[in-house]
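Read through the structure below, which is laid out as structure tokens, and then see the notes.
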Amino acid sequence: MAEPAPETTRPTSRETTEDMLQRWSRMAHDSSIVEADQYSQYDVKRGLRHVSGKGVIAGLTQIGDVVGSSAEGDTYVPIPGELIYRGISIDDLVHGFLDEGRLGFEETAYLVLFGELPNAEELRRFESQLAERRNLPRHFIHDAVLRMPSRDIMNAMSRGILALYTRDIDPDDISMPALLRQSLDVIAATPLMAVYAFQAYVDQYLNDSLVIHRPNPELGTAENILHMLRRNTRYTALEARVLDLALVLHAEHGGGNNSSFTAHVVSSTGTDTYATIAASLGSLKGPRHGGANIKMVRMFDDLRTTVDDWDDDEEIEEYLLRILDRKAFDRSGLIYGMGHPVYSVSDPRTIILRDYARQLAEAKGLAEEYDLLTKVEQIAPRAIEKRRTVYKGVSANVDFYSGYVYRMLDIPEELYTPLFACARTVGWCAHRIEEIANRGKIIRPAYKSVAGRREYRSLEER
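First residue of the sequence shown? That's 6 in the working numbering, and the numbers climb one at a time after it.
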């Protein structure tokens with residue numbers, strides 16, 4: 006058992022409020038520490054991950070699959086990564102709608118929610134439903150979003166989603182028709198919440214003009230984001246295609262990612278849809294989940310200005326080695342955008358997005374920057390192998406290119422994670438429906454107490 010907590014220095018009569026808070030902070034910290042070797046002693050899988058990196062199986066899902074290895078006897082061998090939506094490879098899905106000259110986010114949302122690809126009429130009606138639900142009342146936008154600007158767009162989005170509860174005639178209904186209705190509402194509303202919250206931020210904190218464009222019912226999700234975000238509402242077909250593709254690639258990633266698991270955990274309590282999506286937004290907001298693409302862009306900016314010769318592979322590698330040695334960029338020791346818990350040989354999302362990042366870079370006269378980015382992608386794994394023990398290989402993940410794509414689309418950094426959320430709301434809603442449809446038990450994993458037992462002391466004795 007753990008030793009009893011050490012006696013803490015008592016306050017003096019001269020202790021200020023700040024001193025008191027600092028003392029309480031130390032007490033809270035010290036009384037929360039669990040010795041690292043105790044996790045091994047009790048065979049606790051920290052982060053619900055095995056030592057090998059594989060996740061602890063906590064449930065079963067029909068929605069998505071993330072594959073990075075193949076079983077060969079008793080061992081798992083790394084293979085090129087696969088992302089699968091409802092049994093369909095992400096490569097097949099993307100090439101399907103691109104080859105037909107269509108944007109694909111709405112088709113993807115239909116597939117993830119309902120388990121089947123829509124025919125032309127089903128897709129038209131689904132798109133019409135989302136367009137209708139984007140038409141939020143002006144007073145709601147004003148009161149729920151614009152009236153309380155936030156420095157953090159994700160927090161503002163959470164508040165806006167929670168406010169949708171007030172517009173629902175029966176918000177606590179968890180019947181399947183209600184879940185579907187609510188899911189369509191939040192999928193339609195989330196992009197509006199993101200863009201309008203950003204515009205309110207610009208007005209309040211950047212002292213710039215407040216510009217609000219209403220969504221165009223003739224446009225899809227990606228096009229409407231660009232339409233509402235840009236002051237002149239203009240965008241090219243390539244820009245819309247690339248943003249739409251990014252949304253498709255982020256719409257779902259299995260039930261084991263933190264925010265989708267959050268949707269399962271919260272839904273298992275029987276709470277409402279809006280509280281569930283707000284909880285998942287809070288999960289994704291965390292920089293260890295949704296913020297890596299911002300770090301990647303900032304790291305690349307630092308590399309561009311630090312490396313003199315962009316054609317010198319050795320100079321690029323030297324910069325990356327200094328990052329790993331905590332001597333460059335943010336001193337974290339991390340090359341952002343490299344590595345993934347599941348994918349090792351390759352991230353299928355990266356492969357798809359890379360080509361469209363190239364097209365966008367060429368269209369915007371940024372081909373040299375793009376070439377530098379691909380050099381970093383090639384050199385970084387070699388640098389990591391020189392400084393770290395690599396068990397299963399390292400490759401670029403989707404964040405390596407998504408942030409760069411957003412930058413080329415002139416999307417502000419404050420919206421990088423919110424755009425991720427706009428896409429992943431589809432997966433969250435599907436996982437919520439799956440949790441409730443299967444009538445699972447409330448999710449409450451066990452924690453073992455390792456605190457020592459102590460006697461209660463009266464107030465006079467303390």
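No residue lacks a Cβ here, since even glycine has one placed at the ideal position from N, Cα and C.
Asked	Found
Compute the distance between the beta-carbons of Leu224 and His232, then report whether it is under 8 Å.	yes
On the DSSP bridge assignment, give the partners of Thr80 in chain order.	Glu77
Please report the residue range of the alpha helix (DSSP H) in which Ser273 lies.	It is not in any alpha helix (DSSP H) - Ser273 carries neither H nor E in the DSSP assignment.
On the premise that Thr422 lies in contact with Met153, defined as a C-beta separation below 8 Å, what is that separation, rounded to the nearest angstrom?	At roughly 19 Å, the Cβ-Cβ gap does not stay under 8 Å, so Met153 and Thr422 are not in contact.
Can you tell me where the alpha helix (DSSP H) holding Phe119 begins and where it ends?	Phe110 to Phe119
What does DSSP give as the partner residues of Ser94 in its beta bridges?	Ile89
For the alpha helix (DSSP H) that contains Pro433, what are its first and last residues?	Checking the sequence, you will find Trp at residue 433 rather than Pro. Note, Trp433: alpha helix (DSSP H), Tyr421 to Ala442.
Just tell me which of Gly338, Val312 and Asp415 has its CA closest to the CA of Leu329.	Gly338
Quick check on this structure: which residue in Ser463, Tyr409, Arg54 and Val347 has the alpha carbon closest to the alpha carbon of Lys397?	Val347
Looking at the structure shown, is Met153 part of a helix, part of a strand, or coil, going by DSSP?	coil
Which term fits Trp29, buried or exposed, when burial requires 16 or more other beta carbons within 10 angstroms of its beta carbon?	exposed
Assuming Val71 and Ala256 form a contact by the criterion Cβ under 8 Å, report the distance between their Cβ atoms to the nearest whole angstrom.	Wrong, their Cβ atoms sit about 13 Å apart, outside the cutoff.
Is Ala333 helix, strand or coil when you go by DSSP?	coil
Need the endpoints of the alpha helix (DSSP H) that Asn229 sits in, please.	Thr226 to Leu234
Should Leu420 go down as buried or exposed, given a rule of 16 or more other Cβ atoms within 10 Å for buried?	buried
Would Ser407 pass as a contact of Leu358 if the rule is Cβ separation under 8 Å?	yes
Please list the terminal residues of the continuous alpha helix (DSSP H) segment that includes Tyr206.	Met181 to Tyr210
Thinking His269 and Thr238 are a contact (beta carbons under 8 Å), I'd like their distance in whole angstroms, please.	About 38 Å separates the two Cβ atoms, so there is no contact after all.
Select from Tyr452, Ser18 and Arg467 the residue whose C-alpha is nearest the C-alpha of Asp48.	Tyr452
Distance check for Tyr375 and Ala10, CA to CA, integer angstroms please.	Bear in mind that the predicted position of Ala10 carries a pLDDT of just 48, short of 50, making it unreliable; the figure below should be weighed with that in mind. C-alpha separation (whole angstroms): 55 Å.
If you draw a straight line from the C-alpha of Asp415 to the C-alpha of Leu371, how long is it?	13 Å
What does the Cβ neighbour count give for Leu197, buried or exposed, with the cut at 16 atoms within 10 Å?	buried
Quick check on DSSP: helix, strand or coil for Ala10?	Unreliable positioning characterises Ala10 in this predicted model, as indicated by a pLDDT of 48, which lies under 50. A coordinate reading is not provided.
Any chance the region 139-149 sits against the region 160-174, with 3 or more Cβ pairs inside 8 Å?	yes
Nearest-angstrom Cα distance between Tyr115 and Ala297?	28 Å
May I ask you to report which of helix, strand or coil DSSP gives Ala63?	coil
For Val399 versus Pro386, is the C-beta spacing smaller than 8 Å?	yes
Check whether the region 309-322 touches the region 203-211, taking contact to mean three or more Cβ pairs, one atom from each stretch, closer than 8 Å.	no
How many Å lie between Gly261 and Arg236 at the Cα?	38 Å
Ends of the alpha helix (DSSP H) at Met343?	Met343 -> no alpha helix (DSSP H), and no H or E assigned at all.
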